[in-house]
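**Student:**
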Amino acid sequence: MVYEPPAKGRPFIAYEKKARAAAGPDGQTVRAGPSVYIREHADVNVAAYKEKTKATDDGPLKTGQITFDAESVGVKHDSHRPVQTGSKAAKLLAGAFKNDLPVTVAMETTRHYKENNSGELISPHTPIHKLRGIVGDPTKAASEDTNRNCRNHVVAVNGEFTDELASDPGEWESLRDNRDGSLAPDTHAMFGGAIIPAANPSSGSLNVSPQTRDELKKFFGSSTNASAAHPRSTRPAQRAAHAAETQPWEDWNSDCRFNHGSFRPPPAGRPPRRQTG
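Residue numbering for the sequence shown follows UniProt numbering, starting at 1 and increasing by one per position.
(1) What does the Cβ neighbour count give for A32, buried or exposed, with the cut at 16 atoms within 10 Å?
(2) Identify, in the order they occur along the chain, each residue of the same chain with its Cβ nearer than 6 Å to the Cβ of A96, setting aside the five sequence neighbours on each side.
(3) Taking L61 as part of the beta strand (DSSP E), name the residues at either end of that continuous run.
(4) What are the boundary residues of the alpha helix (DSSP H) that includes R132?
(5) Tell me whether D145 sits in a helix, a strand or coil according to DSSP, three-state version.
(6) I'd like to check one pair, V105 with H41: are the Cβ atoms closer than 9 Å?
(7) From A111 to G119, what distance separates their C-alpha atoms?
(8) Helix, strand or coil for V2? Go by DSSP, reduced to three states.
(9) Apart from the five residues just before and just after P6, which ones in its own chain have a Cβ nearer than 8 Å to its Cβ?
(10) With DSSP as the reference, identify every bridge partner of S118, one or two as the case may be.
(11) Could you spell out where the alpha helix (DSSP H) holding A94 opens and where it closes?
(12) Between the Cα of N149 and those of Y15, V36, T53, H77, spot the shortest distance and give me the residue it belongs to.
(13) Just how far apart, CA to CA, sit E4 and L61?
(14) Kindly indicate which residue of G59, G192, K18, F161 has the alpha-carbon position closest to the one of S123.
(15) Within its chain, find whatever has a CB closer than 7 Å to the CB of K54; leave out the 5 residues flanking it on each side and keep chain order.
(16) Is it the case that the region 66 to 77 contacts the region 127 to 136, given that we only count it when at least three CB pairs across the two stretches are under 8 Å?
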């Protein structure tokens, strides 16, 4: 597959092609495609290319470091990315730096298996924006959070994809408007910051297979009694207290607000006014 980026690319959210498994307390597993943050740049200049060697238990490890020039693509900060030395991508980028030639690239930010500091497992359901420390503007990440939870890598150079590619480039065109991670491919449904297979591909996020729904309930816990065949739950009575959003298979939060994390879209019309005291 040849990589053809848009003339002016904007960051978007895609999903890892290889689903990750999360083990539940009863031994069941939930498989999901975690979210991935993608940036695309056409005609970006390579400001620097360096190689360094560090000692490891398996012997010397040689790595490459690319710096992309922010000014050449109209962004504020230079972008630094590791690259596998000896790979075709590294050779293309090193050549572009040496000859002062622009390149077309795509870059992914994916999650670590564990946090760098604590060693705690990172859930595949956690949104990639949260792992990047995003508050508001998705282009303004917190470097400390990103370094702790994520890794950045070049996944396409001048029309060719690299071995580091984690997401499915065949889905990129349909996901380029997915700025906040709320859009799933046609064959999947959203669950937190990940996608899970939908029972009916033509319905996307509206239908989730009974088996998947049961596995999610077992893993995350829920007091809901709604059946998989009739998943829309009855709207609860109004409450005067604040409440957090409930699980994605329940349509209404306990304070009578629609659950925007639900598999269902919000109902038409103005939402009911919540009691305040």
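Don't be surprised by glycine CBs; every beta carbon is placed ideally from N, CA and C. It should be emphasised that the depicted structure is a prediction, and the values quoted were computed from it without experimental measurement.
**Tutor:** This is what the structure gives:
(1) By the 10 Å Cβ count, A32 comes out buried.
(2) Residues V46, V103 of the same chain have their beta carbon placed closer than 6 Å to that of A96, with the five preceding and five following residues left out of the count.
(3) 59 to 68
(4) Per DSSP, R132 belongs to no alpha helix (DSSP H) and is neither H nor E.
(5) helix
(6) In this structure, H41 places its C-beta atom within 9 Å of the C-beta atom of V105.
(7) Correcting the residue identity first, residue 111 is Arg in this sequence and not Ala. Whole-angstrom Cα-Cα distance: 13 Å.
(8) coil
(9) E40, A42, R176
(10) BP columns for S118 are empty, so no partner.
(11) 88 to 98
(12) Taking N149 as reference, the option from Y15, V36, T53, H77 with the minimal CA-CA separation is V36.
(13) 32 Å
(14) Of the candidates G59, G192, K18, F161, the one whose C-alpha sits nearest the C-alpha of S123 is G192.
(15) L61
(16) no
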